[in-house]
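Visitor:
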Amino acid sequence: QKEVEQNSGPLSVPEGAIASLNCTYSDRGSQSFFWYRQYSGKSPELIMFIYSNGDKEDGRFTAQLNKASQYVSLLIRDSQPSDSATYLCAVSGSYIPTFGRGTSLIVHP
Amino acid sequence: DTAVSQTPKYLVTQMGNDKSIKCEQNLGHDTMYWYKQDSKKFLKIMFSYNNKELIINETVPNRFSPKSPDKAHLNLHINSLELGDSAVYFCASSHTQGLTGNTIYFGEGSWLTVV
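If you're matching them up, the sequences are chains A and B in order. Quick note, in the working numbering, the first sequence goes up one by one and the last residue is 1519. Quick note, in the working numbering, the second sequence goes up one by one and the last residue is 242.
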């Protein structure tokens, strides 16, 4: 069974710090990796996706992928209180992504 | 313009009732999904349709019946509602082409409470 593991948290960081969110997956055939953000009471929204080993940057967000070690991470630089949310990792092989249970991030002023 | 829209957003109903949730997407995607998110926030796939054809049916009680009249619509009908059906149900859609083809876009969710 394909599994996607995330630490449920909460991960608490001070405003302005770097938040580091991690995700590991079991299926070595996985090709696409996604990070979603979900605010309380809202639907998940896509932050970014990555499918090549290495880093991918988009504004304050950087996704890092290491297929050999089967992990993907999300770094949030200059964290803001508005970044407080649950971050869901999703991993896809040839078809339907499998979601992790999410990591709750709290950015305190 | 809402890309993936679902109705109703909130639904409170009694045990034993039958209810439906409707979903429509205007993104031109060929695949639609129903996900269930429980109180612990775990997002679990229930069904997936590709061009109106059922392609994924996870272990879901047969009280849940999806229907896709066309590739832009996917409705969910639930019979004989139980307390454990209380959850948030998300409709979603995606293309299925290429590496990024299965990026999933979610509707706003339907909060179902069974009392």
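From the three backbone atoms N, C-alpha and C, an ideal C-beta is built for every residue, glycine too. All values reported here derive from a predicted model rather than from experimental measurement.
#1: Can you list, in chain order, the residues of its chain whose CB lies under 7 Å from that of residue 1464 of chain A, leaving out five sequence neighbours each side?
#2: Check whether the Cβ atoms of residue 193 of chain B and residue 208 of chain B lie closer than 8 Å to each other.
#3: Would you list, in sequence order, the uninterrupted beta strand (DSSP E) runs of no fewer than 3 residues that lie entirely inside the region 195-242 of chain B?
#4: Helix, strand or coil for residue 193 of chain B? Go by DSSP, reduced to three states.
#5: Alpha carbons only, please: which of B:179, B:165, B:183, B:143 is nearest the one belonging to residue 173 of chain B?
#6: With 8 Å as the limit, tell me which residues of the region 142-157 of chain B have their beta carbon closer than that to any beta carbon of chain A; keep them in chain order.
#7: Verify the CB distance criterion: does residue 163 of chain B have a CB-CB separation below 8 Å to chain A?
#8: In whole angstroms, what separates the C-alpha of residue 1506 of chain A from that of residue 229 of chain B?
#9: Taking Cβ-Cβ distances shorter than 7 Å, what residues in chain A pair up with residue 201 of chain B?
#10: Buried or exposed for residue 1508 of chain A, going by 16 or more other Cβ atoms inside 10 Å?
#11: Does DSSP put residue 1491 of chain A in a helix, a strand or coil?
#12: Taking beta-carbon pairs under 9 Å, can you tell me which members of the region 165-182 of chain B lie near chain A?
#13: Listed from N- to C-terminal order along the chain, which residues in the region 1463-1495 of chain A have their beta-carbon within a distance smaller than 8 Å of any beta-carbon of chain B?
#14: May I ask you to report which of helix, strand or coil DSSP gives residue 164 of chain B?
#15: By a C-beta neighbour count over all protein chains shown, 10 Å radius and 16 as the cutoff for buried, is residue 190 of chain B buried or exposed?
Guide: Straight from the coordinates:
#1: By one-based count along the first sequence, residue 1464 of chain A stands at place 54. So the qualifying residues of the chain are 1475.
#2: Position 66 of the second sequence, counting from 1, holds the residue named residue 193 of chain B. Position 81 of the second sequence, counting from 1, holds the residue named residue 208 of chain B. In this structure, residue 208 of chain B does not lie closer than 8 Å to residue 193 of chain B by Cβ.
#3: 200-205, 214-221, 237-241
#4: In the second sequence, counting from the first residue as 1, residue 193 of chain B sits at position 66. Here residue 193 of chain B sits in strand by DSSP.
#5: Position 46 of the second sequence, counted from the start, is the residue given in the question as residue 173 of chain B. Closest by alpha carbon: B:183.
#6: none
#7: In the second sequence, residue 163 of chain B corresponds to position 36, counting from 1. Taking Cβ atoms only, chain A never reaches closer than 8 Å to residue 163 of chain B, which makes this a no.
#8: Counting from one through the first sequence, the residue named residue 1506 of chain A turns up at place 96. Counting from one through the second sequence, the residue named residue 229 of chain B turns up at place 102. Approximately 7 Å between the Cα atoms of the pair.
#9: Walking along the second sequence from the start, residue 201 of chain B turns up at place 74. Going along chain A, no residue has its Cβ under 7 Å from residue 201 of chain B, so there is no contact; the nearest lies around 14 Å.
#10: For the purposes of this step, residue 1508 of chain A is taken as residue 98 along the first sequence, with counting starting at 1. Classification for residue 1508 of chain A: buried.
#11: One-based indexing of the first sequence puts residue 1491 of chain A at position 81. Helix, per DSSP.
#12: 167, 168, 169, 170, 171, 172, 175, 182
#13: none
#14: The count along the second sequence starts at 1 and reaches residue 164 of chain B at position 37. Three-state DSSP puts residue 164 of chain B in a strand.
#15: Position 63 of the second sequence, counted from the first residue, corresponds to residue 190 of chain B. Exposed, since its Cβ has fewer than 16 Cβ neighbours within 10 Å.
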